[in-house]
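Let me begin by presenting the structure, written as structure tokens, before commenting on it.
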Amino acid sequence: MRRPLVAGNWKMHGTRASVAELIEGVRRQVLPGDVDVAVFPACLHVAQVVEGLAGASVMVGGQDCAVEPLQGALTGEVAASQLQDAGCVMVLLGHSERRQVLAESDQVVARKFAAAQACGLVPVLCVGETLEQRQAGETLAVVGRQLAAVIDAHGVAAFSAAVVAYEPVWAIGSGLTASPEQAQEVHAAIRAQLAAADAELARGVRILYGGSVKAANAAELFGMPDIDGGLVGGASLNADEFGAICRAAGS
Ligand code: 13P
Numbered sequence: 000m001r002r003p004l005v006a007g008n009w010k011m012h013g014t015r016a017s018v019a020e021l022i023e024g025v026r027r028q029v030l031p032g033d034v035d036v037a038v039f040p041a042c043l044h045v046a047q048v049v050e051g052l053a054g055a056s057v058m059v060g061g062q063d064c065a066v067e068p069l070q071g072a073l074t075g076e077v078a079a080s081q082l083q084d085a086g087c088v089m090v091l092l093g094h095s096e097r098r099q100v101l102a103e104s105d106q107v108v109a110r111k112f113a114a115a116q117a118c119g120l121v122p123v124l125c126v127g128e129t130l131e132q133r134q135a136g137e138t139l140a141v142v143g144r145q146l147a148a149v150i151d152a153h154g155v156a157a158f159s160a161a162v163v164a165y166e167p168v169w170a171i172g173s174g175l176t177a178s179p180e181q182a183q184e185v186h187a188a189i190r191a192q193l194a195a196a197d198a199e200l201a202r203g204v205r206i207l208y209g210g211s212v213k214a215a216n217a218a219e220l221f222g223m224p225d226i227d228g229g230l231v232g233g234a235s236l237n238a239d240e241f242g243a244i245c246r247a248a249g250s
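Okay, so the sequence shown: first residue is 0 according to numbering that gives the first Met the number 0, each after it adds one.
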């Protein structure tokens, strides 16, 4: 009932030339008809990617947006309205790299969430625990807090037009993947938290897994009942590998 989504987060990678190659590679993929596919290039390359993927069934999103929805005096930031104007339909928010390196707080992420939705973008809210937090048995509490910050600020109804991505920090770029069972446990807890406020809405929310997803482990992860696709970093920079991951999400 939930349509899978496979999203490629290109992070701070690429030059105009390498992005052009990646676009060509993605265009060559045979993508399953029953899976939504999206890519998130660096802001600088959004226009190039929107143009390059025109006519392909691939959505384009931003990797972040400003706390203020509309363009204005905020040096260095990009407004959700500008992303929307450039052809983006989604935006990643609260990625752990931003939470950790740039000290982005739950409150800032919640403001960005509202800014994105005000401009018609679908936020992909990233949540996840560090290795220390997992080892201390705090995984569900940490993820629950990150999710609650947005629910408390904007109400659970905001998730009728949003996606959640569970990305354990220890699994990102490390080659360590959460086992399907480890991921499922957290995904089920996220859905239960949403369901506590609105059971029907919770059944429809897509929850992606991210953290060293590759073609070799994708099908097993996507086979779990509450895993509705993936947010793919490193492997999404290889078009053939990304295409294989997208196909693994199909029926
Ligand atoms: P990797 O797939 O490289 O582990 O990155 C995951 C991620 O952070 C996607 O947002």
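Every residue gets a Cβ at the ideal spot worked out from N, C-alpha and C, and that includes glycine.
Note that the structure is predicted; figures quoted are calculated from it, not measured.
Taking 8 Å as the threshold (C-beta atoms), are residue j and residue i in contact?
i           : j           : result
residue 142 : residue 128 : yes
residue 88  : residue 124 : no
residue 68  : residue 92  : no
residue 49  : residue 85  : yes
residue 149 : residue 157 : yes
residue 212 : residue 220 : yes
residue 208 : residue 248 : no
residue 108 : residue 165 : no
residue 167 : residue 160 : no
Taking C-alpha atoms, which residue in the options lies nearest to residue i?
i           : options          : result
residue 226 : 243, 214, 184    : 184
residue 60  : 74, 78, 70       : 78
residue 236 : 99, 41, 90       : 41
residue 151 : 193, 94, 182     : 193
residue 240 : 80, 223, 95, 214 : 214
residue 43  : 112, 108, 62     : 62
residue 57  : 126, 83, 45, 26  : 26
residue 64  : 117, 126, 147    : 117
residue 13  : 153, 22, 55      : 22
Any chance the CB of residue i is under 7 Å from a heavy atom of the ligand 13P?
i           : result
residue 171 : yes
residue 94  : yes
residue 61  : no
residue 231 : yes
Check for me: the beta strand (DSSP E) holding residue i runs from which residue to which?
i           : result
residue 233 : Residue 233 -> no beta strand (DSSP E), and no H or E assigned at all.
residue 7   : 4-8
residue 37  : 35-39
What whole-angstrom Cβ distance do residue i and residue j have, given they're in contact under 8 Å?
i           : j           : result
residue 189 : residue 206 : 6 Å
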